[in-house]
Each structure stands twice: as structure tokens, then as C-alpha cells.
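Down below is the structure, laid out as C-alpha cells.
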């Protein structure tokens, strides 16, 4: 086993929401647990992606809105601040 996790950076200038979701979903098909760096510089929607894919954790979340945080909570995604 080479890796346990699949991690993506969802932010303007990096991966889009759609790209991030696709990367994490494909990783899950290969048994990798999803993680995401999201909303560090802007509200990129990465927290919602974390909830949608059932990520283990989402890092940064500086600009995440409350509704996205609730979606993460409901999906049991750990917030790493």
C-alpha cells in the first residue's frame, strides 16, 4: 500500500470545486480516503465538496460560510483550523 489519503487544494488559482470533487471521488474508487484544503483565501466552495464526498477532514476554512460548516458537521468531516 503506497498511500492512505488523497488530498486536494480547492481554491481560486488551484483546483476548482468540480475538479476537486472529481479528484477525490476517483481516489475513493481506489481506496484512498479524501482530505481537502479549502476556503483559505476565499469562499471557494471546498467545504461543501468535503461534505459531498465524505472527506475525513477539511483544512483552513477561513472563509467558509456557516451553511457549509453545518453540511460538514452533518457529514462528519473534521475541521482543521
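Numbering (my numbering), first residue to last: 1 to 81. Glycine included, every Cβ here is placed at the ideal spot set by N, Cα and C. None of the values given here were measured: they were computed from a predicted structure.
| Check | Outcome |
| --- | --- |
| How many whole angstroms separate the CB atoms of residue 38 and residue 10, which I take to be in contact at a CB cut-off of 8 Å? | 5 Å |
| In whole angstroms, what is the alpha-carbon distance linking residue 47 and residue 61? | 7 Å |
| With DSSP as the reference, please indicate the residues paired to residue 79 in a beta bridge. | 58 |
| Is the beta carbon of residue 3 closer than 8 Å to that of residue 32? | yes |
| State the start and end residues of the unbroken beta strand (DSSP E) segment that holds residue 38. | 33–38 |
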